[in-house]
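Chains as they are written, first to last, in the working numbering: chain A, 1 to 269; chain B, 270 to 500.
The beta-carbon is built from N, C-alpha and C at its ideal position, and this holds for glycine as well.
These numbers were taken from a predicted model, which means no experiment stands behind them.
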């Protein structure tokens, strides 16, 4: 008999025990571990999907913000460019105005300076000419300048034309004030008498005369009464000298003035 | 020469006896239980795990997939019984490479015991799934005339399970023993390798057949959802 029923029963029992042992030590732990791992993977996948969604969202948001930022930057840059352009124009205008004002001021100062210089040169020239004339007259003719002036003055009184003489005579009659004779130097008694005599002779009357010393006349004698005037002074000669010098300066100064203006214009640009 | 390890008796007291079948079965039970305990003692639920854990996971998930492919909707419910059947028979066959070892499945008592377990398990799972009435009605289908044939079928397939496994295992051991006496050099090794293959195939056949029987018993009535899905 190949079947031993005790062994059959024992093997059934052994198999049932083995089923329990395998369930206890193999299937349950392994299946639990697999389930736990699957759950972990599912959790991680869900977390990764959520993170991906968040990342996509943040990416979109970032791109949106980036585009906005670019637009804002472009607008700001445009505004700044416009503002800078306007400010540049304003500064250029201001600089132009300031330069023009400065140029005007400078030109005025230059003109004033030229006038002052001209005046000083005239004065000095008059003094020098007067001194030269005095010296030359003294050296050549042995006469003083003042004497010769009085002589010339009296001769001029005598040589007055009729209309001038009539105008002066009418002025002498209409005023009660004495005739004013001004000179750059103090007239001695002799020249005074000569002038008085010449006046009396010219107008055939006793003319009251008052003598004054006026240094600004620049070496000359002047007779004034009621708006009429007879005079001689060295300034007449000096005027013609001044005209000659001015013309000479004008002809010489033009090229230099042109050359000097160019750098100035370049600086203003 | 003996046909069955039942004939190797170490100790006997009246009806009770301790033969090689029982001893080697205990040995297999010890190896399987202790091995499983040692490996599952430090199981990892993380993505990194040991090779032994990987091996056991492959075996267990493979068995679960096979049960599912047979048609059982809840494979984990039947894993304990069917998985242990496969592992026990496979381990009994694999150990034949050890000299002096007699496979317990080479004993008709053991295969009968396993077949009886299947014989009991089929109605057990069928009743648990369908209820007593529905299960018993399955014997009357398609007609009442089929009742005796169904009962004969139940018994004969149980007998076939036991005899098939016993015959294959016993014949393998017998052929190796005979060849050892005739050509003790190369042929026994070849036959041992062949026996390993035969043993694995028999383990697969036994457990798959048991799964098919259980599936047949638990799926007397096809699920309504599947019927509704048919065109």
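Throw me the rounded Cβ distance for the residue 377 of chain B and residue 446 of chain B pair, which I believe falls under 8 Å. Here the question's residue 377 of chain B lines up with position 108 in the second chain. Here the question's residue 446 of chain B lines up with position 177 in the second chain. Not quite, the Cβ-Cβ distance comes to about 17 Å (not below 8 Å), so this is no contact.
Any beta carbon of chain A sitting closer than 7 Å to that of residue 438 of chain B? Here residue 438 of chain B corresponds to residue number 169 of the second chain, with the count starting at 1. Chain A contact via Cβ: absent.
Counting only runs that start and end within the stretch 449 to 496 of chain B, where is the alpha helix (DSSP H) found for 4 or more residues in a row? 456 to 487
Does the CB of residue 43 of chain A have a neighbour CB from chain B at under 7 Å? Position 43 of the first chain, counted from the first residue, corresponds to residue 43 of chain A. It does not; no Cβ of chain B falls within 7 Å.
Start and end of the beta strand (DSSP E) containing residue 222 of chain A? Translated into the one-based positions of the first chain, residue 222 of chain A becomes position 222. Its beta strand (DSSP E) spans residues 220 to 225.
Relative to the C-alpha of residue 475 of chain B, which candidate in B/319, B/357 and B/393 has its C-alpha closest? Along the second chain, read from residue 1 onward, the residue named residue 475 of chain B stands at position 206. Among B/319, B/357 and B/393, the Cα nearest to that of residue 475 of chain B is on B/357.
Using a C-beta cutoff of 7 Å, does residue 358 of chain B count as contacting chain A? Working through the second chain from its first residue, we reach residue 358 of chain B at position 89. So no, residue 358 of chain B is outside the interface.
Give, in chain order, every residue of the stretch 341 to 370 of chain B whose Cβ lies closer than 7 Å to some Cβ of chain A. 345, 348, 349, 350, 352, 353, 356 and 357
DSSP-derived helix/strand/coil call for residue 285 of chain B: On the second chain, residue 285 of chain B is found 16 positions in, with the first residue counted as 1. Strand.
Using a cut-off of 7 Å between C-beta atoms, extract the partners of residue 284 of chain B located in chain A. Numbered from 1 along the second chain, position 15 holds the residue referred to as residue 284 of chain B. Within 7 Å Cβ-Cβ: 6.
Mind listing the chain A neighbours of residue 382 of chain B? Cutoff is C-beta to C-beta under 9 Å, in chain order. On the second chain, residue 382 of chain B is found 113 positions in, with the first residue counted as 1. What residue 382 of chain B touches in chain A: 7, 8, 9, 10, 11, 12, 13, 14 and 15.
At the level of alpha carbons, what is the spacing between residue 183 of chain A and residue 100 of chain A? The count along the first chain starts at 1 and reaches residue 183 of chain A at position 183. The count along the first chain starts at 1 and reaches residue 100 of chain A at position 100. Distance between the alpha carbons of residue 183 of chain A and residue 100 of chain A is about 47 Å.
First and last residue of the alpha helix (DSSP H) that includes residue 38 of chain A? Along the first chain, read from residue 1 onward, the residue named residue 38 of chain A stands at position 38. Here the alpha helix (DSSP H) through residue 38 of chain A covers 28 to 141.
Indicate the three-state DSSP secondary structure (helix, strand or coil) for residue 323 of chain B in the structure shown. As a working note, residue 323 of chain B is residue 54 in the second chain. Of the three classes helix, strand and coil, the one that applies to residue 323 of chain B here is helix, per DSSP.
What whole-angstrom Cβ distance do residue 351 of chain B and residue 485 of chain B have, given they're in contact under 8 Å? Indexing the second chain from 1 puts residue 351 of chain B at position 82. Indexing the second chain from 1 puts residue 485 of chain B at position 216. Incorrect: roughly 14 Å between the Cβ atoms, too far for contact.
Would you say residue 33 of chain A faces chain B, with C-beta separation under 7 Å as the test? The residue given as residue 33 of chain A occupies position 33 in the first chain. With 7 Å as the cut-off, residue 33 of chain A counts as an interface residue toward chain B.
Mind listing the chain A neighbours of residue 302 of chain B? Cutoff is C-beta to C-beta under 7 Å, in chain order. For the purposes of this step, residue 302 of chain B is taken as residue 33 along the second chain, with counting starting at 1. The contacting residues are 21 and 25.
Neighbouring residues, chain B, relative to residue 2 of chain A (Cβ below 7 Å): In the first chain, counting from the first residue as 1, residue 2 of chain A sits at position 2. Near residue 2 of chain A (Cβ distances below 7 Å), the residues of chain B are 272, 273 and 377.
Spatial neighbours of residue 180 of chain A within its chain, please: CB distance less than 6 Å, with the 5 preceding and 5 following residues excluded, ordered by chain position. Working through the first chain from its first residue, we reach residue 180 of chain A at position 180. Excluding positions up to five away in sequence, the list reads 210 and 224.
Could you tell me the distance, in whole angstroms, from the CA atom of residue 384 of chain B to the CA atom of residue 427 of chain B? The sequence position of residue 384 of chain B within the second chain is 115, counting from 1. The sequence position of residue 427 of chain B within the second chain is 158, counting from 1. Spanning the two alpha carbons is a distance of roughly 5 Å.
DSSP-derived helix/strand/coil call for residue 23 of chain A: On the first chain, residue 23 of chain A is found 23 positions in, with the first residue counted as 1. Three-state result, residue 23 of chain A: helix.
Who are the neighbours of residue 337 of chain B on chain A, taking C-beta pairs under 8 Å? Here residue 337 of chain B refers to the residue found at position 68 when the second chain is read from its first residue. Going along chain A, no residue has its Cβ under 8 Å from residue 337 of chain B, so there is no contact; the nearest lies around 14 Å.
Less than 6 Å between C-beta atoms, sequence neighbours within five positions excluded: which residues of the same chain meet that for residue 340 of chain B? Translated into positions along the second chain, residue 340 of chain B becomes position 71. For residue 340 of chain B, where only same-chain residues beyond five positions count, the Cβ hits under 6 Å are 484.
Establish whether the CB of residue 48 of chain A and some CB of chain B are separated by less than 7 Å. As a working mapping, residue 48 of chain A is identified with position 48 in the first chain. Taking Cβ atoms only, chain B never reaches closer than 7 Å to residue 48 of chain A, which makes this a no.
Going straight from the alpha carbon of residue 435 of chain B to that of residue 307 of chain B, what length do you get? The residue labelled residue 435 of chain B in the question sits at position 166 within the second chain. The residue labelled residue 307 of chain B in the question sits at position 38 within the second chain. Approximately 31 Å between the Cα atoms of the pair.
Cα-Cα separation, residue 10 of chain A to residue 284 of chain B: Translated into the one-based positions of the first chain, residue 10 of chain A becomes position 10. Translated into the one-based positions of the second chain, residue 284 of chain B becomes position 15. The straight-line gap from Cα to Cα measures roughly 12 Å.
Within 7 Å, strictly: CB atoms of residue 290 of chain B and residue 8 of chain A: By one-based count along the second chain, residue 290 of chain B stands at place 21. By one-based count along the first chain, residue 8 of chain A stands at place 8. Their beta carbons are not under 7 Å apart, which means residue 290 of chain B does not touch residue 8 of chain A by this criterion.
Endpoints, the beta strand (DSSP E) within which residue 351 of chain B is located: The residue given as residue 351 of chain B occupies position 82 in the second chain. For residue 351 of chain B, no beta strand (DSSP E) segment is defined; the enclosing uninterrupted segment is the alpha helix (DSSP H) at 344 to 363.
By how many angstroms is the C-alpha of residue 293 of chain B removed from the C-alpha of residue 279 of chain B? Translated into the one-based positions of the second chain, residue 279 of chain B becomes position 10. Translated into the one-based positions of the second chain, residue 293 of chain B becomes position 24. As the crow flies, the alpha-carbon of residue 279 of chain B is around 12 Å from that of residue 293 of chain B.
Fully enclosed by the stretch 175 to 225 of chain A, which alpha helix (DSSP H) runs are 4 residues long or longer? Runs found: 189 to 203.
How about the stretch 151 to 170 of chain A and the stretch 127 to 139 of chain A: do they share at least three Cβ pairs that are nearer than 8 Å? no
Which value, in whole angstroms, describes the spacing of the CA atoms of residue 494 of chain B and residue 342 of chain B? Position 225 of the second chain, counted from the start, is the residue given in the question as residue 494 of chain B. Position 73 of the second chain, counted from the start, is the residue given in the question as residue 342 of chain B. Its pLDDT being 48, under 50, residue 494 of chain B is placed unreliably by the model, and the measurement read from it follows with that caveat. CA-CA distance, residue 494 of chain B to residue 342 of chain B, rounds to 13 Å.
For residue 296 of chain B, which option in A/26, A/30, A/18 and A/25 has the closest C-alpha, if you only look at C-alpha atoms? Reading the second chain from its first residue, position 27 is the one you call residue 296 of chain B. The shortest Cα separation from residue 296 of chain B among A/26, A/30, A/18 and A/25 belongs to A/18.
Could you pull out every residue in the same chain whose Cβ sits closer than 6 Å to the Cβ of residue 321 of chain B, ignoring the five residues on either side in sequence? Numbered from 1 along the second chain, position 52 holds the residue referred to as residue 321 of chain B. Cβ neighbours of residue 321 of chain B beyond the five flanking positions: 308.
With distances taken between CB atoms, is the gap from residue 157 of chain A to residue 198 of chain A smaller than 7 Å? One-based indexing of the first chain puts residue 157 of chain A at position 157. One-based indexing of the first chain puts residue 198 of chain A at position 198. Less than 7 Å separates the beta-carbon of residue 157 of chain A from that of residue 198 of chain A.
Do residue 312 of chain B and residue 33 of chain A have their CB atoms nearer than 7 Å? In the second chain, residue 312 of chain B corresponds to position 43, counting from 1. In the first chain, residue 33 of chain A corresponds to position 33, counting from 1. A contact, by the Cβ cut-off of 7 Å.
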